[in-house]
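One point on numbering: in our numbering, the residue at position 160 of the sequence shown is 164, and numbering is uninterrupted.
Ideal placement from N, C-alpha and C gives every residue a C-beta, glycine not left out.
Below is one structure; the comments refer to it alone.
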Amino acid sequence: MKRITILGATGSVGSSTLDLVARNPDRFAVEAVTAGRDWRRLAEVAQACGARQAVIADAAFHAELKDALSGTGIAVSAGPEALVEAARAPADLVMAAIVGAAGLPPTLAALEAGTTVALANKEALVCAGSLMTAAARRTGADLLPVDSEHNAIFQVLESKERVERITLTASGGPFRSLSLDEMRAVTPAEAVRHPTWSMGAKISVDSATLMNKGLELIEAWHLFGLRPDQLAVLVHPQSLVHGLVEYVDGSVLAQLGPADMRVPIAHALAWPERIATPVERLNLAAIGRLEFEEPDRIRFPALALAEAALAAGQCRPCVLNAANEVAVAAFLGGAIGFLDIAAVVEDSLAALAPGCPETLDDVSAIDAEARAVAQQFVSKRGERAFAGKRRAG
Ligand code: NAD
Ligand code: MG
């Protein structure tokens with residue numbers, strides 16, 4: 005029996021994880037489930053999976069969650085500290101599926117406690133990858149990639165010494181063939197309508213800007229320890245080949261599978277074993293052909309910004325991520341346009357001096373500063389757009 009704690013249990017990855025847990029009642033038991041603010045859904049899933057503990061990160065909803073779970077025997081707590089406590093509590097595996105840098109403290113706490121972490125929360129690794137991998141080395145905790153591309157590579161990576169190059173595939177998102185002019189006018193609803201994957205809003209927007217692939221390059225660098233120039237991106241609109249490893253002898257090993265996150269999640273949950281999943285099987289004869297193309301860094305500047313942040317190292321990935329989180333939230337809230345997202349990230353990177361974060365407090369300080377700066381750029385761009393609309397009206 006594996007005892008599992010699910011951070012971000014109410015989200016897209018959290019729900020897929022719970023689906024697999026429910027299908028394997030004799031393999032998995034749920035220790036704790038957590039959510040950001042959605043106490044109703046958290047109360048529902050905590051009862052459905054028989055969790056021992058439910059934690060809501062936003063303490064404003066503590067009373068609501070307590071009421072909803074009263075008499076169930078499920079322990080309830082609230083606030084960021086409680087989240088870290090839950091991640092640190094004994095478990096065999098922590099599924100890190102919170103979105104954004106908010107997931108860093110609990111994910112790091114799990115690694116520091118020596119617990120195996122199945123990592124979906126790529127932003128944590130982008131902000132503080134060195135702290136996380138150092139903690140894992142220190143305690144011997146396994147860090148298992150859940151992100152489909154990294155999970156694919158993990159499955160086909162035999163020996164790092166003989167690897168020439170690793171390739172992450174990208175669907176290209178919903179705007180793959182739009183011009184820059186056409187992208188100027190896209191709406192949040194269009195941006196979250198991903199062509200191949202069903203995911204949370206933030207990662208869907210990141211997929212539309214290709215920032216997601218940029219964050220994933222940084223994630224891959226921390227997970228697999230190659231040089232940045234050994235990491236490549238290839239656009240593959242069908243999302244069936246997820247990752248490729250090229251060896252020195254010219255062999256290329258790739259992992260294929262349907263675009264269903266339950267495949268990599270099942271792999272991480274059961275590792276080093278495998279469990280059955282109900283996902284649709286690949287029918288390559290029906291698919292007929294697989295398509296690939298180079299990514300376009302002119303129409304998708306976020307990818308180039310992330311590549312530059314990876315090459316520069318130090319705090320640059322953390323600034324990139326924080327500014328992107330602010331810009332994506334502003335876009336989803338209607339405050340700025342789609343193309344402003346990468347522009348806000350670029351401006352924020354230019355405005356902040358480099359520095360080398362060494363502790364979680366350093367990372368938090370850089371993250372907070374980057375968010376404040378990005379918010380200013382958001383306000384400026386928002387005002388300009390508003391003035392433009394007024395003139396046009
Ligand atoms: P989501 O928005 O659907 O769910 C996010 C979860 O995090 C929810 O449970 C939410 O309550 C919780 N949360 C949000 N803000 C929080 C905060 N401040 N403190 C504590 N908890 C908070 O997101 P998702 O699509 O499931 O993605 C989760 C993570 O997995 C992201 O880092 C994403 O990049 C990564 N990922 C997702 C997919 C996917 O298919 N959805 C694929 C690969 C990687
Ligand atoms: Mg991915």
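C-beta contact flag for Val245 and Glu168 at 9 Å: No. Outside cutoff.
Can you find a heavy atom of ligand 2 that lies under 8 Å from the Cβ of Glu362? The nearest non-hydrogen atom of ligand 2 is 8 Å or more from the C-beta of Glu362.
Around the Cβ of Asn287, are there at least 16 other Cβ atoms within 10 angstroms (buried) or fewer (exposed)? An exposed status is given to Asn287, since fewer than 16 other beta-carbon atoms sit within 10 Å of its beta-carbon.
Identity of the residue in Ser368, Ile10, Gly341 and Ser20 nearest Glu186 by Cα: Each of Ser368, Ile10, Gly341 and Ser20 was checked against the Cα of Glu186, and the nearest Cα belongs to Gly341.
Given a threshold of 16 other Cβ atoms within 10 Å of its Cβ, counted over all protein chains shown, does Pro305 qualify as buried or as exposed? Counting every other CB atom within 10 Å of its CB across the protein chains shown gives Pro305 a total of 16 or more, marking it as buried.
Run through DSSP, which three-state label would Pro192 get? DSSP places Pro192 in helix when its eight states are reduced to three.
Using the rule of at least 16 other Cβ atoms within 10 Å of the residue's Cβ for burial, across every protein chain shown, is Arg215 buried or exposed? According to the sequence as given, residue 215 is Met; it is not Arg. Under a 10 Å Cβ-count criterion, Met215 is classified as buried, with 16 or more other Cβ atoms of the shown protein chains found around its own Cβ.
Please list the terminal residues of the continuous beta strand (DSSP E) segment that includes Ile10. Run containing Ile10: Lys6 to Leu11, per the beta strand (DSSP E) assignment.
DSSP puts Met136 in a beta bridge; with which residues? Looking at the DSSP assignment, Met136 forms no beta bridge with any residue, so it has no partner.
Pick helix, strand or coil for Gly177, following the three-state DSSP scheme. DSSP places Gly177 in the coil class of the three-state scheme, outside both helix and strand.
Coil, strand or helix - Phe65 by DSSP: Assignment of Phe65 by DSSP, reduced to helix, strand and coil, places it in the helix class.
Pocket of ligand 2 defined by Cβ to heavy atom distance under 7 Å: Cβ-based neighbours of ligand 2 within the cut-off: Asp151, Ser152, Glu153, Asn216 and Glu220.
Gly18 lies in the alpha helix (DSSP H); which residues open and close that run? Annotation: the continuous alpha helix (DSSP H) that includes Gly18 extends over Ser16 to Arg27.
Just list the alpha helix (DSSP H) runs in the stretch 69-124, keeping only unbroken ones of 4 residues or longer that don't cross its boundaries, in chain order. Whole alpha helix (DSSP H) segments, 4+ residues: 84-92 and 108-116.
Kindly indicate which residue of Ala105, Gln380 and Leu227 has the alpha-carbon position closest to the one of Ile157. It is Leu227 whose Cα lies nearest to the Cα of Ile157.
Going residue by residue through the stretch 228-274, where are the continuous beta strand (DSSP E) segments of at least 3 residues, counting only ones entirely within it? DSSP runs (the beta strand (DSSP E)) wholly in the stretch 228-274: 235-239, 245-251 and 256-260.
DSSP-derived helix/strand/coil call for Gln57: Correct three-state label for Gln57: strand.
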